[in-house]
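Position 41, counted from 1, in the sequence shown is what the working numbering calls 567; the numbers after and before it change by one each time, with no gaps. From the three backbone atoms N, C-alpha and C, an ideal C-beta is built for every residue, glycine too. First the structure, in the form of structure tokens, and then the observations on it.
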Amino acid sequence: MRGSHEFVNRDVISIRGFTREEIDHILEVSRSMESIAERGSDMLRGKIMAELFFEPSTRTRLSFQTAMYKLGGNVIGFAEPKVSSVLKGETLADTVRVVENYADLIVLRHPLEGAARFAAEYAQIPVINAGSGAGEHPTQALLDLYTILKAKGRIDGLNIILMGDLRYGRTVHSLAYALSYYDVSLHLVSPPLLRMRPEVIED
């Protein structure tokens, strides 16, 4: 796939780590991957993804698992920290160092903002941020963009409203950053106490 080599061994920590061109390429590849995933593939045969989920998750965790299995890979990890050595006091850095010996990729969800970036500093394998505190959730933003593109046929030129908990909702933070790459009219609706963080608006 054209340009896909640029993503090899690359961390996915923030949607701001991508350019508009890279996001467009991901959305383009996603179209072709849909049909590949539906019929099944072994393109990830021999690859292992480690899911380290320090917070509850249903959709995100199962989505990553399903994608990995449909492409021929395998999954290890834990869905809650109490079944890991974290319960015995193991640090995130040490957990990452141990897990990288078993896996080719780490998908991390953590209650602390910045945890994925911290983990990536210690990991010798790629780290994907599946949600860090109230910070970001970049893969959800990519999915949201793809959903908009499929529904509307384009992203540029749209009027888009984000509403609800804009202060602590990590998904809307990543989506707002992603939409800033496009020519859209973005409207933010929330109660005063849950307004979008100033740093997200300024960035």
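The three-state reading of DSSP puts Leu634 in strand, counting E and B together. In the three-state reduction of the DSSP assignment, Met559 falls in the helix class, which pools H, G and I. Shown here, Phe533 sits in a helix according to DSSP, grouped into three states.
Taking a cut-off of 8 Å on C-beta distances, the segment 537–551 does not touch the segment 594–607, as fewer than three cross pairs fall below it.
Put simply, the segment 637–654 does not touch the segment 684–694. Fewer than three CB pairs are less than 8 Å apart.
According to DSSP, residue pairing for Gly603 in a beta bridge involves Glu577.
Listed in chain order, the non-local C-beta contacts of Tyr628 below 8 Å within the same chain comprise Ile574, Ala576 and Ile602, local neighbours out to five positions each way being set aside. Assigned with DSSP and collapsed to three states, Met689 falls in strand.
In this model, Ile562 and Pro718 are separated by some 45 Å (Cα to Cα). Counting C-beta atoms within 10 angstroms of its own C-beta, Glu725 has fewer than 16 neighbours from the protein chains shown and is therefore classed as exposed.
Distance between Ala642 and Asp620, taken at the CA atoms: about 14 Å. Secondary structure at His551: helix, using DSSP grouped into helix, strand and coil.
Per the C-alpha coordinates, the member of Ala667, Phe533, Arg565 and Thr584 positioned closest to Leu597 is Arg565. Taking C-beta atoms as the reference points, Arg587 and Ala656 count as a pair closer than 9 Å. One alpha carbon belongs to Asp537, the other to Val653, and they sit about 5 Å apart.
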